[in-house]
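Encoded as structure tokens, the structure appears first; notes follow it.
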Amino acid sequence: MIVFFKEFPAQRPQGSEDSYVTVAHGISGFASDWLTFPPIQQDHVRMAFSGDKTLIPLLKALAEIYSPWWEDFSICLVEEQVVDKDHAQSSARLIEEYFLKRCRANFSVPLPFTPLVCDATLPPEAILQEALFQYQQPDVALLGMGADGRIASLFPDAPEYEHALSATDPLVLTTPTHAPFKCLGMSLSALENCKSIFLFASGEDKGAVLDLAKKGINPQLPISYILHSEKVECFVFCIR
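Structure below.
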């Protein structure tokens, strides 16, 4: 369910803080609460990142924010296209380049990272089984969102969409109609097993999708299941 919703302007007055930086501060603050807030305090936070390219400015901003709590975070992925880690479409490569390398260099923190796809040359079912074997449930997840409301493995045009919504396994393999590769990602069940979800969307088109999804669960808009879930809290940040 939505516990926080904040919109930021795409263009801010000269001299004011960039909207991506403001969002990054908000996300890092809420995420570190799991290490510092007494009622929920824990020793370690596992955070899953979406490999959505629209998150790149936000990832770069996050990597510049000093937080002593990064020392106690480990990173994994919400979803990943089934490609080699050196491929231009690799989510693991994107997170490494725009967040992990920068944050490690800036603050000398380990930030251990676990991708979903370990060997893209294996048959799809073997890739899925290997990922399930090594899966550890994230505490929090940072989601991007497509213009069709897709998140994680929940592609409304994929033949496996209904399975991704109902599966009890934490990971599912889907075949999006409008994407060149299969996608391995968290199921709705796994997303709802997170303690907090941070949703980031940018652009007027995605803002309009959020407006529609906030009205109620809509099977055509996967994000609506998270916004109206009674199992997980959702913090929404939108630049439009």
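If you're matching positions, the sequence shown starts at 28 in the working numbering and goes up one per residue.
Quick reminder that beta carbons are idealized off the backbone N, C-alpha and C, glycines included.
Just so it is clear, the structure is predicted and the values come from calculations on it, not from any experiment.
Give the DSSP-derived three-state secondary structure of Leu226 in the structure shown.
strand
Close Cβ partners of Cys261 (< 7 Å) along its chain, the five nearest in sequence each way excluded
Met28, Ile29, Val30, Ile224, Leu226, Ile253, Leu254
Hey, Ala179 and Val72 are a contact pair by Cβ (cut 8 Å); roughly how many whole angstroms apart?
Contact doesn't hold; Cβ gap of about 19 Å is too wide.
Given Ser117, which residues of its chain have a CB within under 6 Å of its CB, disregarding the five upstream and five downstream residues?
Val110
Between Leu89, Ala206, His190, which lies nearest to Ser216 when the distance is taken from Cα to Cα?
His190
CB-CB under 7 Å to Leu186, same chain, minus the five flanking residues each way: which ones, in chain order?
According to the sequence displayed, residue 186 carries Pro and not Leu. Cβ within range, chain order: Thr202.
Report yes if the CB atom of Trp97 is closer than 7 Å to the CB atom of Val136, and no otherwise.
yes
Provide the residue(s) that pair with Phe100 in DSSP beta bridges, ordered along the chain.
Val72
Rounded to a whole number of angstroms, what is the C-alpha to C-alpha distance between Gln161 and Asn133?
29 Å
Taking the alpha-carbon of Leu62 as reference, which of Thr195, Val167, Pro36 has the nearest alpha-carbon?
Val167
Measure from the alpha carbon of Ile54 to the alpha carbon of each residue in Arg131, Met74, Pro36, then state which is nearest.
Met74
Nearest to Thr108 by CA position, among Pro36, Leu248, Asn220, His205, is which residue?
In the sequence as presented, Thr is not what sits at residue 108; that position holds Gln. Ranking Pro36, Leu248, Asn220, His205 by Cα distance to Gln108 puts His205 first.
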